[in-house]
Amino acid sequence: MTRRSDDWRLADEWFAAFIEDAENDPVRRRHVLRERIRALPVKDTLARAFEEKTEQLRTFLAGERERMLAGQEMTA
Numbered sequence: 000m001t002r003r004s005d006d007w008r009l010a011d012e013w014f015a016a017f018i019e020d021a022e023n024d025p026v027r028r029r030h031v032l033r034e035r036i037r038a039l040p041v042k043d044t045l046a047r048a049f050e051e052k053t054e055q056l057r058t059f060l061a062g063e064r065e066r067m068l069a070g071q072e073m074t075a
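Residue numbers (numbering that gives the first Met the number 0): 0 to 75.
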């Protein structure tokens, strides 16, 4: 076994032990259950900001296209 795979095996064992401890701890379970109930408004906010920015860029590109076409008509 190489040094790298030994490190990964050790990390996997540590993570499995951490998850097992977390699942067996009633306080942590209670916290997780409480956190699941809450909606994450960050996702909605980010999605709305993305849509607004996309629409802003779409409008900008449409304006640039109109200017470019108007400039071509003047030179033709």
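We treat Cβ as the ideally placed atom computed from N, Cα and C, and that holds for glycine.
Residue span of the alpha helix (DSSP H) that contains residue i, given as start and end
{"i": "residue 43", "result": "40-74"}
Simplified DSSP state of residue i, which is helix, strand or coil
{"i": "residue 24", "result": "coil"}
Beta-carbon spacing of residue i, residue j below 7 Å
{"i": "residue 27", "j": "residue 21", "result": "yes"}
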